[in-house]
Structures are given as structure tokens and as C-alpha cells.
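If you read the protein sequences in the order shown, they are chains A and B.
The opening position of the first sequence corresponds to residue 1 in the numbering used here, with each subsequent residue numbered one higher.
The opening position of the second sequence corresponds to residue 1 in the numbering used here, with each subsequent residue numbered one higher.
Note that the Cβ used here is the ideal one computed from N, Cα and C, for glycine as well.
Structure first, then comments.
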Amino acid sequence: MFRTTSFVTLALVLLSVSVTAGDSTTSRFDSPSETIDAALESDWPETLRVAEQSGDAEFCRRVWFDLAGVAPPIRRLREFLKDESTDKRQRLIDELLASQRFATHMANRWNEVLLPEDALNDGRGNAQALHTWLREQFQSNTPYDHLVGGFLTAGGQGNQGPAIYYTSRDVDPVKVAASTSQIFMGLQLQCAQCHDHPDGQWLQEDFWQFAAFFSQVKSADGRMAGTSLIEDERGAEVTLPDTDQVMEPRYPGVAEAPEEDPADFRRRQLTIWLASRNNPYFARAAVNRAWGHLFGRGLVDPIDAMDHDNPATHPELLQFLADYFVAKRFDLRSLYAAIANTKAYQRSSAMDGERADPRFYSVMAVKTLTAEQYYDTLMQNVFFEASGRASEDMPDQRRAAFMSRMRASGSDPKEYPHGVVQALGMLNGPELLSASSVRSSGLLGSLDAPFFSSQDHLDVLFLACVSRFPSDSEREGLGLFLTGAKSDEEKVAARCDLTWALLNSAECFVCP
Amino acid sequence: MKVSRRGLLGATAAAGVSGWLPQLARAASEANQRDGRHCVLLWMAGGPSQMDTFDLKPDHSNGGEFKEIATAVPGIRFSEHLPGLAKQADRLAILRGMSTKEGDHLRGTTLMRTGHIPGGPVRHPAIGCSLSKELEQGVSQLPSYISVAPGAFTRSSLSPGFLGPKHAATSVGASAPPAENQFAELRVDHLSRHESIDDARYKGRLEIWSALQERFAKTRGTENVLAHDTVYRSALATLDSDAADAFDLSGEPDAVREAYGRGTFGQGCLMARRLIERGVPLVEVTLGDGLGWDTHANNFELVRNLSEQLDHGWSTLMTELADRRLLEKTTILWAGEFGRTPQINSNGGRDHFPNAFTCVLAGGGVAQGHVHGKTSESGMEVVDGKMDQQDLLSTLCGALGIDPMTENIAEGGRPIAIAEGNVIDEVLL
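What follows is the structure, encoded as C-alpha cells:
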């Protein structure tokens with residue numbers, strides 16, 4: 001059950017700075033997970049329905065999908081379930097955050113955030129180059145401010161990955177300014193491109209003064225055909241539409257002119273400010289995105305619309321997370337660990353009957369998997385193959401075909417983005433035809449041994465597809481289905497049919 | 001993508017309920033008005049020559065080889081290679097004042113099919129996705145937007161953008177060009193189960209699947225889980241129904257198939273009629289496999305051949321729809337990514353020309369037998385009734401009884417209208 005803390009107490013918890021200056025042992029950042037839980041639970045109404053803490057299988061499936069981008073491999077899941085130590089969840093979180101899979105999964109997510117959809121599928125390898133660049137940053141745990149700085153100021157032959165951020169937006173200061181304010185500051189500054197923002201937060205001049213930071217960016221041809229790189233042309237300016245008025249660069253919400261950059265390198269000027277403590281937006285946008293990643297909804301939702309007219313559900317918590325992130329020198333792994341170790345994140349998503357309002361975080365969200373998460377899991381747990389991106393940088397044609405049918409970039413994980421066309425492709429398409437055929441499915445092939453009982457078969461198929469053991473009633477009903485078959489051939493067919501049904505189930509298409 | 005409107009988070013949940021009712025009521029009354037409306041998009045890949053189809057200049061040196069013929073409407077004249085359409089000119093509204101700024105195939109295709117140039121922060125949906133979303137009624141066994149034989153360029157601009165994959169088009173593929181005296185073969189992906197799965201096994205699969213679905217939804221009845229179930233059950237209903245029959249043209253009499261023309265476009269128009277009979281709101285048929293209308297060389301021979309396919313397919317479609325009293329409920333748009341240069345180049349071809357070209361509306365909601373807009377003697381300029389892609393899409397909405405200002409919510413909670421141009425009332429009923 002839950003307790004009720006008064007709002008004032010909560011504010012004190014969140015705002016009190018370290019008791020003794022210089023004494024790092026009593027910092028308010030010492031137990032961030034507890035602070036987060038206290039902040040969430042402080043405004044719970046008496047009547048709120050609260051879900052139980054998740055079981056180990058549910059937690060394991062969730063944390064693998066969220067941090068590694070795939071379901072747990074069958075062996076890893078079994079080991080985790082058998083492990084009896086009390087800190088096993090914390091250790092799994094740390095292990096996954098340090099893994100290559102985390103770097104790959106974050107690169108997958110950020111590629112979709114940074115690029116327009118047509119650039120993701122351009123087929124010329126530019127999106128892949130960005131993916132490789134990002135993966136290296138996440139792998140070496142580059143602090144987030146450095147990552148963004150390196151990304152925004154990238155130029156020259158050695159930095160062809162980030163260049164696509166500019167080239168996919170036609171190296172147009174307007175488009176680059178719009179996406180930069182949205183992605184890195186969570187601001188919809190572009191709404192003021194043509195006229196002042198309706199609620200008065202942004203004037204048209206604010207947008208164009210921000211765009212002036214990108215006025216110098218130009219593209220040049222890279223060494224390889226079809227690739228581009230980015231250069232800066234000093235002296236290039238933007239003007240307010242329909243006027244000759246040259247716009248001087250200004251940071252949004254800051255009246256004073258920026259400090260001169262000795263080389264007049266405006267992108268660098270901007271990135272130094274972006275990550276500075278004077279910037280109220282940067283850390284907030286980053287922690288809100290991480291929160292949205294793990295909980296399926298931002299503290300401000302939609303996550304990149306953090307303007308004045310869209311307040312946070314828990315403003316003090318958002319500020320605490322932003323302060324924590326800055327105090328940890330923009331260390332993404334610390335931020336993710338702090339959130340993943342909360343009771344809130346480890347609560348079950350199961351709730352009988354009417355569900356509690358998700359804004360109270362008393363029950364975990366059920367997040368729709370991305371097409372990549374589904375496909376990479378299918379490859380790992382059913383075909384027993386490493387999927388394209390997880391292993392190397394060669395394009396994988398089968399994966400690309402699946403992505404072009406199923407990719408729904410920018411879709412809300414609380415929703416199911418697909419329609420009848422995609423469902424038909426799942427039901428009758430090539431992927432599940434092979435996955436449920438004993439000749440092509442490593443999983444089904446592995447079961448074809450005399451010493452396995454039908455209960456063993458059930459266990460393995462459930463662990464592979466939905467990361468849990470079957471329930472008692474499933475054991476009973478499906479056990480009969482598998483043993484009821486007369487010939488060996490029919491028994492194999494029954495296992496194929498069960499696999500097909502599991503892979504098409506809603507449970508298989510979500511992170512619990 | 002449909003997201004909760006901004007500000008909902010801050011607002012109290014209780015206020016939401018009453019706010020929905022007027023919206024629902026309005027939605028219901030609008031749905032009644034456009035009850036059973038359909039739209040057919042005839043897409044001319046490559047950019048069709050207005051000078052050799054609907055806006056001839058026989059008295060000018062730019063005119064070219066083709067003669068003009070009279071049509072059913074006095075004063076309106078078409079190319080001699082469109083005799084079937086000429087007889088039905090009283091069903092058409094010719095828009096001769098189209099003008100845009102995009103002369104590149106890919107960008108022009110996106111512009112004409114979404115109303116917007118590519119590459120901005122918002123992923124605009126193709127017009128077919130927006131319109132089919134408005135026109136669809138409840139759960140149907142057939143998809144709401146079916147595109148027959150889209151070429152490579154059309155395919156890349158079939159994207160539902162921020163509306164999400166739910167509103168994507170179902171493509172009907174075409175086999176390689178048919179052999180002599182054969183009809184083009186059209187097929188739909190994933191509409192039949194694999195032959196190795198017999199009825200008994202299929203039934204068993206669905207029973208297990210259904211039990212898994214019910215168990216999971218009991219404790220996790222979230223929006224995405226329930227939507228997954230609904231969408232899958234519609235897909236299963238499609239497989240179970242005679243929907244596949246709608247795509248099977250083999251039962252049509254040879255004489256009918258012949259009248260439409262044997263090629264992909266003609267057979268696609270026949271499929272369009274069968275789909276509209278079965279209630280599909282939006283069907284698109286592409287003419288010009290790849291970029292067939294891109295007649296930089298040898299323009300007249302190519303356009304003659306394309307015109308013949310166009311004339312048979314389109315005019316037979318209108319006749320058959322009218323016979324079934326469906327033409328009055330079906331609005332047809334004929335368009336390509338741009339027009340072609342009035343001057344004939346040294347290869348006997350015409351090049352890209354977005355400055356002044358023609359689109360055509362026909363059928364339901366359209367003021368028929370009408371010409372809107374005029375180009376100069378040389379065909380180089382629009383001198384009257386100039387309109388752009390936004391005006392065209394808004395006018396199409398008007399003909400279908402859809403308010404073009406209907407908004408959908410894009411990424412980041414930004415409301416975006418289907419189209420924001422002027423509705424040309426003069427060509428609407």
C-alpha cells in the first residue's frame with residue numbers, strides 16, 4: 001500500500017541541498033531512486049489502486065527490452081530466475097547498461113529521434129554511418145553534453161555520421177533550428193517560425209535568432225559517392241522573412257547577446273551554451289526523454305513539447321532529475337540506473353479491472369515494442385541468429401524488408417501503431433512462416449530431441465516468445481494440445497502452431 | 001500518429017468526458033453526409049503532357065502532332081487519342097490552371113500527393129491516407145486505401161506520415177508486363193495463408209491465439225493491447241471473408257476485361273470498380289509503370305500509347321460505375337507530379353514543367369462539363385484560374401464532402417489540416 005506525504009515535506013526532500021557544504025556524504029543525490037519514489041507517491045490519493053511489484057520474469061523481460069533492445073535470451077532468463085541473491089535486479093541493470101547491446105539500442109533509438117523518416121530508409125548508408133557514430137559514443141559512455149556537442153559541431157571527412165543530421169534537413173538553418181530546439185531542448189520553437197507563438201512564450205524573432213546559429217552551415221561532397229560532409233562559411237546570415245533584417249544569434253529566452261566566439265564558429269558557441277548551467281532546457285529535456293523511454297510517457301508528455309503551455313505532471317521531480325543529471329556530469333548510465341532501480345519502474349503492469357490513472361505511476365505502462373525490438377528478438381530467440389545491427393554494420397535485407405513494412409518511427413509506445421495491412425503481413429508474411437517452420441526455426445529445430453517432454457517444449461516456447469513460464473491453466477490446456485497429436489509429424493506441427501500463435505499474440509508485441 | 005491533445009495532462013480528467021459529446025455528435029453527422037462516398041485517384045507517374053491530352057494548342061508552334069476533337073460538351077476539346085473520355089466530357093471538370101514550383105520527380109510527387117515539399121519537420125501523410133481515414137466507416141473486411149501497382153516513386157509517397165501505419169495503403173502488385181493477348185495479373189501481398197497450413201491446423205492456431213489474447217487482456221487491458229486485438233481480428237475477418245474475391249478478376253467476362261484494356265492500368269481500373277462495389281473508400285490506380293509519362297524523347301508515340309490505355313480504363317470505369325449508380329458517390333482525380341514543357345525539344349520530347357499544367361476532377365460532387373483556368377496561347381503561363389497543389393487537394397476534399405481544414409495531430413501535438421488551399425467552388429456541385 002502507499003503512504004501520503006504532505007506536499008511541503010516532499011518539496012523539502014527535493015529541494016534541500018547538501019546539509020554541510022563540501023560534505024559529499026549527505027548529498028541529496030545519494031539515493032536518487034528513493035527520492036524519485038517519494039516524489040511520485042507523495043500525491044497519491046487514498047483510493048488509488050496500486051499494482052504489486054513485478055515478478056522476476058516480468059522485470060527481466062522489461063529491463064532487457066528497455067536497456068538491451070531485445071527480450072532476454074532463454075538461457076539468461078533461466079539464470080536470472082534461478083539466482084537467489086537479493087541484489088540481482090540492480091546487478092542486471094548495471095550489467096545491461098554497460099553492455100554493447102545498450103549502446104546499440106540507444107543508437108537505434110537516437111537514429112530515429114535525429115533523422116526524418118525518409119533519411120532512415122535512404123539506402124545510401126548515411127543513416128548507418130550515424131548509427132555507428134552514436135553507438136561508439138554510447139559504448140564509451142561519453143557524457144551526454146559532450147555527445148550532443150560533438151554531434152552538433154561535427155564537420156569534415158572524419159565525421160560523416162553526424163553530417164546526415166544537417167543534410168537530411170537540406171542544410172537549411174530553419175529546419176535544423178526547428179529540430180535542434182525540439183530534440184535537445186524540448187521546445188516547439190518552430191511554431192514561431194511564421195508568427196508569434198499563440199501563448200506568447202516565443203516571438204517570431206526568437207525562432208529566427210536561434211536559426212542564426214545555423215546560418216553558416218554548408219554541405220560539401222564527401223569522398224565517397226552519395227555521402228556528404230559539413231562545413232562552416234563565416235559571414236553567412238539569415239534574415240527575418242519578408243525583410244532585409246539580418247538576425248543576430250540569440251539563445252532562446254536569453255535577452256543578452258552571446259559572448260563572442262573568437263573564431264565566429266556559431267555552432268560551437270551554441271553547444272557551449274546548450275550544456276551550460278545557465279540553460280534551463282537542456283538537462284530537463286534529456287531526463288524527460290529518458291523517463292519517457294522507461295515509462296512510456298514523459299513527465300511532460302509528449303516528451304518534446306515542454307513549452308509553458310504543457311506543464312509536467314511532477315515539476316519538482318523533473319527538476320530533481322535534471323539537477324541529478326547535471327551533478328553526475330551528464331552521465332546517462334547513472335541517470336538510467338537511478339530510474340530503473342525505483343519501485344515505480346519495477347512495479348507490475350498487471351492490474352485487474354479498471355486501471356489506475358497512469359499519471360500516478362502506481363501501475364507500470366505496457367509499452368508497444370518497436371519493429372526493431374520485435375525483429376531482433378525474433379532473430380535471437382527463434383532463429384538463434386544475431387540480427388544485422390547487433391553484430392555488424394552490413395545491411396541486412398530481410399531486416400530492411402520487415403522494417404519497411406513495420407517501422408513506425410515517432411509513434412507513441414502507449415499506442416499500437418499498426419493496421420490491418422501490417423497484421424496481414426504478420427499472419428501470412430515470410431518472417432513468421434519461417435519462424436513457425438521446423439526447417440528454418442532454430443528454436444523448433446532444437447526441440448526435436450527424444451529426451452524432451454511436452455512440458456519442456458511448452459516451457460522453452462513460452463520463455464523464448466514471452467519470457468515467462470506458462471501458467472497452470474496454460475500448462476494444462478496447451479499440454480493437451482501438444483500431447484494430443486497422434487503421429488510424430490503431428491506433434492511437430494502442433495509445436496509450430498503454438499509458436500505461430502505466441503509470436504502473433506499481443507503479449508509478444510509489448511514490453512510488460 | 002494520434003496523440004492526446006496538449007494540455008490534457010494538466011487538465012482534470014473529469015472535464016474530458018462532457019467535452020467529447022459534441023465532438024462525437026458532429027462526427028456522426030458528418031459521417032452521414034458522406035455516407036458511402038468513394039474516391040479514385042488516377043496517378044500519372046512521370047508527369048503527363050497537358051499539351052497532348054486536355055489542353056491542346058493546335059494553332060501554336062508548340063502544339064505538336066495531335067489533333068483536337070470535339071467532346072460531349074460544346075467548347076471543350078480534347079486530344080484525338082481520348083475519344084472515350086470525349087464522349088463523357090460532361091462528367092469531367094478540367095483544371096487548366098495548375099502551377100507549382102517543383103520540377104523534380106521525387107519532390108514533385110511528394111508535393112502533389114501530400115500538399116507539402118519533403119524534408120520538413122512534419123511527416124505529412126499522402127492525401128489518400130488522410131482521405132481514406134475520413135471516408136472509412138467502421139470495421140471493414142477490406143482495407144480503406146488500396147493502391148494498384150504503385151511505381152517506385154509513388155510508393156515512397158504512399159506514406160501515412162504522422163497518421164501512422166494504421167492508415168497506410170495496401171498495395172496490389174502487378175506481374176511483369178503481360179504477354180501478347182494476356183491480361184495483366186494483379187495480386188495482393190499476404191492475403192492468403194501458406195498452402196502448408198490446412199483448415200484444421202489454421203483453426204487450432206486461432207483457438208490458441210484467441211486464448212492467449214484473452215488471458216493477456218484481462219490484466220493488461222491497455223489501449224495498445226486492445227488495439228492489437230481489434231486490428232488482428234479485422235485482419236482475420238478479411239482473410240475469412242470473400243475479400244480475396246474482390247481482387248480476383250478472373251471471374252469477369254472477357255469482354256468487360258477487354259473494354260478496360262489489358263494492361264495494368266486497365267485491369268487496375270476494373271479492380272477499382274470491384275473494390276468500390278464492396279465499399280472500399282479509396283482506390284488508387286497508377287498509369288506509367290516507373291515513370292511512363294516522362295516523355296523527354298519520342299513524346300508523341302509514347303503519349304499516344306499511354307492515352308489509349310488511359311482512355312479505355314478511365315472511360316469504362318465511369319460507364320460501369322454510372323450503370324451501378326455509384327459514379328455519383330465516387331469522385332475521381334486525374335493528376336501527375338507536374339506537366340510537360342510546351343516547347344518540343346530536339347528529341348521530339350517534352351521536359352518537366354510545373355509552371356502550367358492540367359489536372360482533372362470527375363464524378364461525384366464535381367460540377368461536370370466544366371473548364372476552370374486558362375493557359376496562354378503558347379501554353380507557357382497560366383493566365384486565368386491559377387491554382388496550386390493545396391488548392392487542388394482542398395477542392396478534392398470539397399467534392400468528397402470533407403472539410404479540408406479537418407485537423408489531425410502531428411508529432412509533438414501540432415494540429416495539421418488535411419489541406420489549407422482555396423476550395424474552387426466553381427467546379428463543385
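Cβ neighbours of residue i in the same chain (closer than 7 angstroms, five flanking residues each side left out)
i: Val238/A; result: Pro173, Trp208, Ala211, Ala212, Ser215, Met247
i: Phe513/A; result: Residue coverage of chain A in this structure runs from 1 to 512, which leaves residue 513/A outside it and unanswerable.
i: Pro143/A; result: Arg329, Phe330, Asp331
i: Cys269/B; result: Tyr260, Val285, Gly313, Trp314, Thr316, Leu317
i: Leu478/A; result: Leu458, Pro470, Leu498
i: Ala365/A; result: Phe295, Gly296, Arg297, Ser349, Pro358, Lys414
i: Asp206/A; result: Leu189, Ala192, Pro252
is_contact[residue i, chain B] using C-beta, thresh 8 angstroms
i: Met403/A; result: no
i: Met351/A; result: yes
i: Asn428/A; result: yes
i: Phe214/A; result: no
i: Pro162/A; result: no
i: Val420/A; result: yes
i: Gly292/A; result: no
i: Glu415/A; result: yes
i: Leu502/A; result: yes
i: Asp459/A; result: no
i: Ala57/A; result: no
i: Glu46/A; result: no
C-beta neighbour in chain A for residue i, strict 8 angstroms
i: Ile416/B; result: no
i: Lys166/B; result: yes
i: Leu291/B; result: no
i: Pro354/B; result: no
i: Leu41/B; result: no
i: Thr295/B; result: no
8 angstroms Cβ cutoff met for residue i and residue j
i: Val421/A; j: Thr316/B; result: no
i: Ile276/B; j: Thr319/B; result: no
i: Asp86/B; j: Ala367/B; result: Checking the sequence, you will find Ala at residue 86/B rather than Asp. Result no, Cβ atoms of Ala86/B and Ala367/B do not sit closer than 8 angstroms.
i: His352/B; j: Ile424/B; result: no
i: Ala89/B; j: Cys129/B; result: no
i: Gln53/A; j: Arg355/A; result: no
i: Val300/A; j: Leu321/A; result: no
i: Phe102/A; j: Phe138/A; result: yes
i: Leu189/A; j: Pro252/A; result: yes
i: Glu420/B; j: Gln390/B; result: yes
Three-state secondary structure assigned by DSSP to residue i
i: Trp44/A; result: coil
i: Thr375/B; result: strand
i: Asp254/B; result: helix
i: Leu384/B; result: One detail in the question is off: residue 384/B reads as Asp in this sequence, not Leu. Three-state DSSP puts Asp384/B in a strand.
i: Glu231/A; result: strand
i: Ile127/B; result: helix
i: Glu407/B; result: strand
i: Lys203/B; result: helix
i: Gln182/A; result: helix
i: Gly442/A; result: helix
i: Ala220/A; result: strand
i: Ala362/B; result: strand
i: Gln53/A; result: strand
Buried versus exposed, by CB contacts within 10 Å (16 or more), residue i
i: Arg439/A; result: exposed
i: Ala386/A; result: exposed
i: Pro354/B; result: buried
i: Gly379/B; result: buried
i: Gly251/B; result: exposed
i: Ser473/A; result: exposed
Sequence-distant residues of the same chain with beta carbon closer than 8 angstroms to residue i, five excluded per side
i: Gly46/B; result: His105, Gly288, Gly290, Leu291, Gly292, Trp293, Asp294, Thr295, Gly336, Glu337
i: Arg495/A; result: Val438, Leu444, Leu447, His457, Leu461, Leu482
i: Ser219/A; result: Ala163, Tyr166, Thr167, Val171, Ser228, Leu229, Ile230, Glu231
i: Asp244/A; result: none
Cutoff 6 angstroms; reference residue i; Cβ partners in own chain excluding five residues on either side
i: Leu270/A; result: Phe213
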